[in-house]
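The next block holds one structure in the form of structure tokens; read it before the comments.
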Amino acid sequence: MLLPAPKPEILARRDSIVRRLRVLAPDGVVADEAGLTAFDGDALTAYRQKALACVLPKNKEEVSAVLKFAAEEGIAIVPRGAGTSLSGGALPLADAILMGMGRMNRIVEIDYENRCVVTEPGVTNLSITRAVEARGFYYAPDPSSQIACTIGGNVAENSGGIHCLKYGLTTHNLLGAEIALPGGERVKLGGKAGDGGLDLLGVVAGSEGLLGVVVEATLRILPRPPVTRTLMAAFRSVPDAGQCVADIIGAGVIPAAMEFMDRNCIGAVEDYCSPGYPRDAEGILIIEVDGVAAEAAHAAERVTEIAKLAGASAVTEACDESERTRLWAGRKAAFPAMGRLAPDMLCMDGTIPRHALPRVLVRMAEMSKEYGLGFCNVFHAGDGNLHPLIIFDVMKEGELARAEAFGAAILQLCVEVGGVLTGEHGVGVEKRDLMPVMFSDADLAQQQRLKCAFDGAGLFNPGKVFPSLSACVELGHMHVKSGRVPFPNLPRF
Amino acid sequence: MISALTEADVIDAVRAARAMNRTLEITGAGTKRAYGRPMFCDDVLNVSTLSGIVKYEAAELLLTVLPGTPVAEITALLESKNQRLGFEPADWGPLLGTPIGNATIGGVLSADVNGAAAIRYGRARDSLLGVRAVNGMGEAYKAGGKVVKNVTGFDLPKLICGALGTLGVLTEVTLRVYPKPAQSVSIIVRDVNVEDGFALLRRVWQSPLEATALAYIPASLPLAQLGYVGEGAALIRLEGAHEPLKEKIAALLAIAPAAQQIEASSFFEAISSGAIFAEQSCDLWRISVPPSEAAGIVRHMGSPLFAADWAGRFIWIGLEAGGNGAELRALCECAGGQATLVKADKETRQRVAPFSPESPARRAVTKAVKAAFDPQNIFNPGRMWKAV
Ligand SMILES: Cc1cc2nc3c(=O)[nH]c(=O)nc-3n(C[C@H](O)[C@H](O)[C@H](O)COP(=O)(O)OP(=O)(O)OC[C@H]3O[C@@H](n4cnc5c(N)ncnc54)[C@H](O)[C@@H]3O)c2cc1C
Numbered sequence: 001m002l003l004p005a006p007k008p009e010i011l012a013r014r015d016s017i018v019r020r021l022r023v024l025a026p027d028g029v030v031a032d033e034a035g036l037t038a039f040d041g042d043a044l045t046a047y048r049q050k051a052l053a054c055v056l057p058k059n060k061e062e063v064s065a066v067l068k069f070a071a072e073e074g075i076a077i078v079p080r081g082a083g084t085s086l087s088g089g090a091l092p093l094a095d096a097i098l099m100g101m102g103r104m105n106r107i108v109e110i111d112y113e114n115r116c117v118v119t120e121p122g123v124t125n126l127s128i129t130r131a132v133e134a135r136g137f138y139y140a141p142d143p144s145s146q147i148a149c150t151i152g153g154n155v156a157e158n159s160g161g162i163h164c165l166k167y168g169l170t171t172h173n174l175l176g177a178e179i180a181l182p183g184g185e186r187v188k189l190g191g192k193a194g195d196g197g198l199d200l201l202g203v204v205a206g207s208e209g210l211l212g213v214v215v216e217a218t219l220r221i222l223p224r225p226p227v228t229r230t231l232m233a234a235f236r237s238v239p240d241a242g243q244c245v246a247d248i249i250g251a252g253v254i255p256a257a258m259e260f261m262d263r264n265c266i267g268a269v270e271d272y273c274s275p276g277y278p279r280d281a282e283g284i285l286i287i288e289v290d291g292v293a294a295e296a297a298h299a300a301e302r303v304t305e306i307a308k309l310a311g312a313s314a315v316t317e318a319c320d321e322s323e324r325t326r327l328w329a330g331r332k333a334a335f336p337a338m339g340r341l342a343p344d345m346l347c348m349d350g351t352i353p354r355h356a357l358p359r360v361l362v363r364m365a366e367m368s369k370e371y372g373l374g375f376c377n378v379f380h381a382g383d384g385n386l387h388p389l390i391i392f393d394v395m396k397e398g399e400l401a402r403a404e405a406f407g408a409a410i411l412q413l414c415v416e417v418g419g420v421l422t423g424e425h426g427v428g429v430e431k432r433d434l435m436p437v438m439f440s441d442a443d444l445a446q447q448q449r450l451k452c453a454f455d456g457a458g459l460f461n462p463g464k465v466f467p468s469l470s471a472c473v474e475l476g477h478m479h480v481k482s483g484r485v486p487f488p489n490l491p492r493f
Numbered sequence: 001m002i003s004a005l006t007e008a009d010v011i012d013a014v015r016a017a018r019a020m021n022r023t024l025e026i027t028g029a030g031t032k033r034a035y036g037r038p039m040f041c042d043d044v045l046n047v048s049t050l051s052g053i054v055k056y057e058a059a060e061l062l063l064t065v066l067p068g069t070p071v072a073e074i075t076a077l078l079e080s081k082n083q084r085l086g087f088e089p090a091d092w093g094p095l096l097g098t099p100i101g102n103a104t105i106g107g108v109l110s111a112d113v114n115g116a117a118a119i120r121y122g123r124a125r126d127s128l129l130g131v132r133a134v135n136g137m138g139e140a141y142k143a144g145g146k147v148v149k150n151v152t153g154f155d156l157p158k159l160i161c162g163a164l165g166t167l168g169v170l171t172e173v174t175l176r177v178y179p180k181p182a183q184s185v186s187i188i189v190r191d192v193n194v195e196d197g198f199a200l201l202r203r204v205w206q207s208p209l210e211a212t213a214l215a216y217i218p219a220s221l222p223l224a225q226l227g228y229v230g231e232g233a234a235l236i237r238l239e240g241a242h243e244p245l246k247e248k249i250a251a252l253l254a255i256a257p258a259a260q261q262i263e264a265s266s267f268f269e270a271i272s273s274g275a276i277f278a279e280q281s282c283d284l285w286r287i288s289v290p291p292s293e294a295a296g297i298v299r300h301m302g303s304p305l306f307a308a309d310w311a312g313r314f315i316w317i318g319l320e321a322g323g324n325g326a327e328l329r330a331l332c333e334c335a336g337g338q339a340t341l342v343k344a345d346k347e348t349r350q351r352v353a354p355f356s357p358e359s360p361a362r363r364a365v366t367k368a369v370k371a372a373f374d375p376q377n378i379f380n381p382g383r384m385w386k387a388v
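These protein sequence lines are chains A and B, in that order.
Residues in the first sequence are numbered consecutively from 1, following my numbering.
Residues in the second sequence are numbered consecutively from 1, following my numbering.
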């Protein structure tokens, strides 16, 4: 993975930059080696890099002041929430200020009457639900990382979760945001009642820190459904499970969640926390339905019927809350459980049309043999959002490269069958060089022009998302040549 | 008028306009030509001829169509598989003086016009998964994808949705569609004033009943199909299979004991589309405010001509023709919302900005975004604001 070469003139000014930052964000600057090591990457663990300096602003004003200074000095900014990005979105750059939003962790307002919460960006995802659940509400997007990841990071990645099948991704639950632009000026987009004009909020969601720093967000909260029922269907063949997913959606049932795990994953999870999954199944689906009692009952019945027709060997239901929690605990422990099988893990994130599930699942198993690397499949089946986990060992000669090649091949397959490179984790640095698999030069140029409209100097999160650095002036008309080597002349990172 | 039959035609038209420094009015069926600031374009680029279903994958809940496809055709197609568009596109044609049923999907998306059910399923922008479009340089590009969950690259479809054709010409759109519930009932709570009516709608909205319509009309705008409404009527739609629906109705009765089922249901569309105001000579504004502030604003304005959708988040308000709406705008902005002038004569739309003016910082971003898509200002110049 190549990142833009650090600018020597900025590295040379490091001391004076740090001194200035200490004035702008008193007691919020980390500049010592040990401190910077703590912030030297995110959950794409294969990549590490220390920042020039790290700033932890306390409020919007400090954010703006730092951005103003950075723009004047031509210093790049890498925004960071909790650093749980799986695509390297929060990976620091040697010549950039890492702006950690973790100290802006106050919920500003809870407005039940208008069903929304106004929050600072550093508040964790789960805290929103925790803050409103006593009154029967919750915040729907629920990434598995929800105890750690922040709302700012969620907005930047347009994160999903288990329940976005029925309740949407972050963007569908985001009513407004205040963002700070390069130079520090702040703009309000949307709000409790939305706004008119261009849907700038719509493009800021999922912009991976490239368009602005989110300093406040207004989130929609939902009334908790009175009844939730959780079923588990076991299958003797993976394609059957894939077919079952397509059949359920095709039959007009939209479960609140529908998650798949394959045999490798079931075994790993059973060893790790024994949620009671059938070890002999080739795959299981955990399906949750909700609503008023009769609605959940109706959906549970339909799902059971369809699963049996699709060849499920058993369909069981969690009989109480503790069993339900246990079923989900297994799913949520998939990452750490797989993590015990090998030192390193790559989590892929393509989305495919649901009808292609059986075919893609079979092909991935073949590829695993071709690349000689173990993997397991655990994913948001209802959305067709795959999360193959590839396990490998960085210390073994060539394994990282092979794992990355395997991952890239999976994503290419996703695009080939009509899908996309990333369903919820973002492009970051990880999938950056694969963007041309899905997008033509013209497609990418249009996206980059939008980037330029917000950030003409390219100061926000450079080196992420786009495979080639085009100066904004070049994009005025189309001269992006195909086959351009990403970041030519840049040293290997 | 140039009529485009293919994306290549659109590209040719845009390149020609660019070369000759001419501006283009982009139009579908033209049902919303009277919406926004009046424009003076050199040519009209008609895309209603770029029409047809590209691919309907009912089992995937996906529909790809050309933008000139009439919404009516799409609705009928989806109906045949028991599906529908979640945002329940409203037809502004009758309100703005064109026949009912002409609107194209491209126009509906470009104006982001939503119906009652959008309160449950999200707005048009939430259903638009992917697009092909032609920018102001005459280049075709695609953005988004053809799957329900995608974060690859910037979400340009959202930006184009609601941009009123100022950023480019849509040439293909992919939409998420929804299964249609087995049954649907309309419910009326009669003789409630604005405060009580809106409060009731909010209570239902805050409950887990997942109502797919929460509207209100006052006595001054009687709809024959509703019968007696007293001071005004709160109107609710609940949906589901037979048993779940029974349970939801019972739960609703606990919130609103006076609720009654009624046969009619077309009034939801009449309210969402503004068709109930078609005969009125007033100027018609559409405001978007936090629901809890809605009743206060309606009371303060004192106009007998209003109707609410989305539990008060969207309200039509009729004001005296030719006014500048300054008071309404100030009230809405103060409440954290905004007001759009939807129907007025040309002179008024020229004089009064139909869309709320933006803050200077935001205006700068909007202008830069416009320039990023249409640097020569070819498409619908001045339709939203003078500069965009
Ligand atoms: C175990 C595990 C499970 C996960 N499960 C899921 C899942 O189910 N669904 C899912 O979608 N993701 C999942 N993720 C990925 C990750 O948690 C999400 O992408 C999350 O939203 C990142 O939030 P963060 O606060 O950690 O952001 P970071 O990782 O710190 O940053 C992510 C990106 O957002 C930008 N950013 C952060 N804060 C701001 C801000 N305030 N303004 C502007 N830009 C900002 C950064 O520059 C970076 O590009 C998982 C990750 C892990 C480790």
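Here a beta-carbon is modelled for each residue, glycine too, at the ideal position from N, C-alpha and C.
Any chain B beta carbon closer than 7 Å to residue i
{"i": "residue 422 of chain A", "result": "yes"}
{"i": "residue 351 of chain A", "result": "yes"}
{"i": "residue 294 of chain A", "result": "yes"}
{"i": "residue 446 of chain A", "result": "yes"}
Own chain partners of residue i with C-beta closer than 7 Å, once the 5 adjacent residues on each side are dropped
{"i": "residue 126 of chain A", "result": "146, 147"}
{"i": "residue 330 of chain A", "result": "269, 273, 275, 277"}
{"i": "residue 246 of chain A", "result": "354, 355, 357"}
{"i": "residue 254 of chain A", "result": "165, 166"}
Simplified DSSP state of residue i, which is helix, strand or coil
{"i": "residue 283 of chain B", "result": "strand"}
{"i": "residue 146 of chain A", "result": "coil"}
{"i": "residue 1 of chain B", "result": "coil"}
{"i": "residue 205 of chain B", "result": "helix"}
Contact set for residue i: own chain, Cβ-Cβ below 6 Å, skip 5 residues either direction
{"i": "residue 53 of chain B", "result": "65"}
{"i": "residue 229 of chain B", "result": "190, 219"}
{"i": "residue 304 of chain A", "result": "315"}
{"i": "residue 387 of chain B", "result": "367"}
Chain A contact for residue i (CB, 7 Å cutoff)
{"i": "residue 79 of chain B", "result": "no"}
{"i": "residue 12 of chain B", "result": "no"}
{"i": "residue 340 of chain B", "result": "yes"}
{"i": "residue 288 of chain B", "result": "yes"}
{"i": "residue 224 of chain B", "result": "no"}
{"i": "residue 399 of chain B", "result": "Here chain B has residues from 1 to 388 only, and residue 399 of chain B is not among them."}
{"i": "residue 377 of chain B", "result": "no"}
{"i": "residue 337 of chain B", "result": "yes"}
{"i": "residue 15 of chain B", "result": "no"}
{"i": "residue 208 of chain B", "result": "yes"}
Heavy atom of ligand 2 within 6 Å of residue i beta-carbon
{"i": "residue 445 of chain A", "result": "Ligand 2 is not part of this structure, which contains only ligand 1."}
Neighbourhood of residue i by C-beta distance below 8 Å, restricted to the same chain and skipping five residues each side
{"i": "residue 149 of chain A", "result": "81, 82, 84, 124, 125, 143, 159"}
With contact counted as at least three CB pairs below 8 Å, one residue from each stretch, are the segment 352-360 of chain A and the segment 231-246 of chain A in contact?
yes
Given 8 Å, three or more beta-carbon pairs between the segment 71-85 of chain A and the segment 148-166 of chain A:
yes
The segment 85-101 of chain B touching the segment 25-39 of chain B, judged by at least three CB pairs closer than 8 Å:
yes
Scan the segment 236-269 of chain A for residues whose Cβ lies nearer than 9 Å to a Cβ of chain B and list them as they occur along the chain.
246, 247, 249, 250, 251, 252, 253, 254
For the segment 138-154 of chain B, list every residue whose C-beta sits within 8 Å of some C-beta in chain A, in sequence order.
139, 140, 141, 142, 143, 145, 146, 147, 148, 149, 150, 151, 152, 153, 154
Using 8 Å as the cut-off, can you tell me whether the segment 401-408 of chain A makes contact with the segment 323-339 of chain A, which would need three or more C-beta pairs spanning the two stretches below that distance?
no
I want to know whether the segment 254-262 of chain A touches the segment 285-296 of chain A - three or more CB-CB distances under 8 Å.
yes
The segment 154-161 of chain B in contact with the segment 200-213 of chain A per 3-pair CB rule at 8 Å
yes
Is the segment 240-256 of chain B touching the segment 196-205 of chain B in the sense that three or more CB pairs, one from each, lie closer than 8 Å?
yes
Which residues of the segment 260-283 of chain B have a Cβ closer than 7 Å to any Cβ of chain A? Give them in chain order.
none
Determine, using beta-carbon pairs with one atom in the segment 340-353 of chain B and one in the segment 129-149 of chain B, whether at least three such pairs fall under 8 Å.
no
Are there three or more Cβ pairs, one per stretch, closer than 8 Å when the segment 103-122 of chain A is compared with the segment 86-95 of chain A?
no
For the segment 425-443 of chain A and the segment 458-473 of chain A, state whether three or more C-beta atom pairs, one from each stretch, are separated by less than 8 Å.
yes
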